[in-house]
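Note sheet for the following structure.
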Amino acid sequence: MDDALRRSLPEVGLAPQDIINELKENRSADGDWHSGRTWSLVYHESDDHSAFLKQVYTEYFNENALNPTVFPSLKKMESEVVRMTTDLLHGGPDACGVMTSGGTESILCAMLAYRERGKKKGIKNPNIVLPKTAHVAFHKAAKYFQLETRLMDIDDEFRAKVSELDRLVDNNTIAIIGSAPNYPSGVIDPISNIGAWIGKRDIPLHVDACVGGFMLSFLPQLGFATPEFAFSIPQVSSISLDIHKYAFGAKGASVLAFKNMDYLEHLFFVYTEWSGGVYGSSTLLGTRPGGAIAAAWGTLLKHGKDGYLDLFRRIMLATERMQKGIASIEGLSILGKPDMSVFGYNSTEKKLNIFAIADQMQKRGWFIDRQQNPDCMHAMVTPNHDSIIEEFLIDLSECTQAVRSNPELAFNGTAATYGLISDLPMRKMVHNDVVKYMKQMYAPHPVMPDLEGKNRPVAQRLQHAIGKGFLRLKNLI
Ligand SMILES: *Cc1c(COP(=O)(O)O)cnc(C)c1O
């Protein structure tokens, strides 16, 4: 990568067409999301829809939502996106909210608001109580805003155990968190039971519905027994929901909705002494791209309720085909009981290494996400996957067979690395190695991590540890 890296501006600007050509050439090694070979990161509905999003985005390509009073039309769209979303979430007349750049920003903002709220109540050492399966963005919020995290254990179906709250919640708890659904296994936490536990206590309940809240809102109408998760549960005080995921907006759009202004007001930042003028801001960002807001607004209006129902019916049918296919492969099984089109799947046989299967799939051009606790693979199904599910299942079946006949594949590729890093004693080492990878990637001479290469630091040190007898091979064989 370094060889081809430009290190200064061209002396003379390049022709636009040459630049376009160069960027097209550059992406040959990128994940092929367009033919459905990736299972995360890109939520693609259709080329027609993308073309529409680009058109709407481009209309507001230059506008900036930093100062809503300058672009009232942009503020109107933001308000409408928030209103239409809170309507789906059974928000009452007082429900309100903001648009952010994505799920992480929505979660950071929610946790910041609750920390400020807690502070006003005299809480000096704030903690948040969250399921082990909650999104990592809460841990990021904890790091940024100095919150203690207390983790709720999960049951066999990967739902948070409500009984854990007795042990974990105290007077310093600024918020309890549940997911609808969680990302790793796609199940909804028992939000109404958490609400019932909270009862009349003054503890905010944040529901992270970033990935699925939008789609879940439509599933009961399609005949699915989707549990309640939104503002219909009186203790729910805020919900994060990404428009750039299953609402199929353009990237950079999420909604953070609150039950009422008593919660939201703690998020606002106002500084009156700046020489640049009196400054007020609703979220983390300064400049906020108008295009992402316009595209979010456009996607909601274009689909309407019937369009989304249609789309989600298709997605759920595709998901069912895929899950049935995976479960019918000997040795593979779906984790828990996923509530929608996001799920994990693992191996039920000790000798069948799931990461070795992922490596074989990768060799066939599939980008597979690996997860831990337990070791598994992950999938997020979009309309784009509809036509390749059968091909995927054939490959998965063959790769599973290949690993069954060659268990030593678990010692090769990324399988050895991923398998062993699930071992607890390795945590510190893994942390240090990831930091090392990041320093390399962001160094003046950037190097991309090579998880399969001979020089991968994790693997080298693992081999060293195994050689010294520090580590057993229990995860491999
Ligand atoms: C994707 C996701 C997030 C974070 O959203 P980003 O848009 O990636 O920042 C948070 N929670 C859940 C459950 C998610 O799936």
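Everything in the sequence shown is counted per numbering that gives the first Met the number 0, starting at 0 for the first residue and increasing by one.
We treat Cβ as the ideally placed atom computed from N, Cα and C, and that holds for glycine.
All of these numbers come straight from a predicted model, not from anything done at the bench.
For secondary structure counted as the beta strand (DSSP E) over 3 or more consecutive residues, the stretch 265-342 holds these complete runs in sequence order: 268-270, 278-280, 331-333. With a cutoff of 9 Å on beta-carbon distance, lysine 250 and glycine 101 are scored as near each other. DSSP links leucine 240 through a beta bridge to Val254. It is roughly 8 Å from the alpha-carbon of proline 448 to the alpha-carbon of glutamine 439. The beta-bridge partner set that DSSP reports for aspartate 368 consists of His377. Counting along the chain, the unbroken alpha helix (DSSP H) around isoleucine 388 starts and ends at 388-404. Measuring C-alpha to C-alpha distances from glycine 330 to each of Trp296, Pro382, Val402 identifies Val402 as the nearest.
Collapsing the DSSP output to three states places valine 434 in a helix. Excluding residues up to 5 positions away in sequence, Ser340, Val380 lie with their Cβ nearer than 6 Å to the Cβ of threonine 318 in the same chain.
Of the candidates Lys362, Arg116, Phe391, the residue whose Cα lies closest to the Cα of glutamate 264 is Arg116. In the three-state reduction of the DSSP assignment, isoleucine 190 falls in the helix class. With fewer than 16 neighbouring CB atoms inside 10 Å of its own CB, arginine 5 falls in the exposed class. Here DSSP, grouped into helix, strand and coil, assigns glycine 96 to strand. At the C-beta level, leucine 240 and serine 231 stay beyond 9 Å of one another. One thing to note: threonine 413 has its Cβ within 9 Å of the Cβ of phenylalanine 354.
In this structure, the alpha-carbon of isoleucine 202 lies about 16 Å from that of leucine 150. As summarised for the stretch 24-73, the continuous alpha helix (DSSP H) elements at least 4 residues long and confined to that stretch are 46-58, given in chain order. Serine 184 and glycine 335 do touch by the CB rule: their CB atoms are close to 5 Å apart, below 8 Å.
Methionine 260 is classed as exposed because its beta carbon has fewer than 16 other beta carbons within 10 Å across all chains shown.
Closest option to aspartate 368, judged by alpha-carbon separation, among Asp47, Leu255, Ser27, Ser39: Ser39.
Here the C-alpha atom of tyrosine 182 lies approximately 7 Å from the C-alpha atom of histidine 134.
The Cβ atoms of proline 382 and isoleucine 314 lie closer than 9 Å to each other. Those residues having their beta-carbon less than 7 Å away from any non-hydrogen atom of ligand 1 are, in chain order, Gly101, Gly102, Thr103, Glu104, Ile106, His134, Ala136, Ser178, Asn181, Tyr182, Asp207, Cys209, Val210, Ser239, Asp241, His243, Lys244, Ser253. Residue range 353-362 is occupied by the alpha helix (DSSP H) that includes isoleucine 353. The three-state reading of DSSP puts valine 161 in coil, since its state is none of H, G, I, E or B.
In the DSSP annotation of this structure, the continuous segment of the alpha helix (DSSP H) that includes arginine 116 starts and ends at 102-119. Methionine 151: member of the beta strand (DSSP E) spanning 147-151, first to last residue.
Taking C-beta atoms as the reference points, leucine 204 and isoleucine 187 fail to come closer than 9 Å. In the structure shown, the three-state DSSP call for histidine 134 is coil.
Measuring C-alpha to C-alpha distances from aspartate 358 to each of Asp374, Ala294, Ile333, Ala409 identifies Ala409 as the nearest. The beta carbon of alanine 3 is closer than 6 Å to none in its chain, skipping five residues each way along the sequence. Across the structure, glycine 177 and leucine 13 are spaced so that their CA atoms are roughly 51 Å apart.
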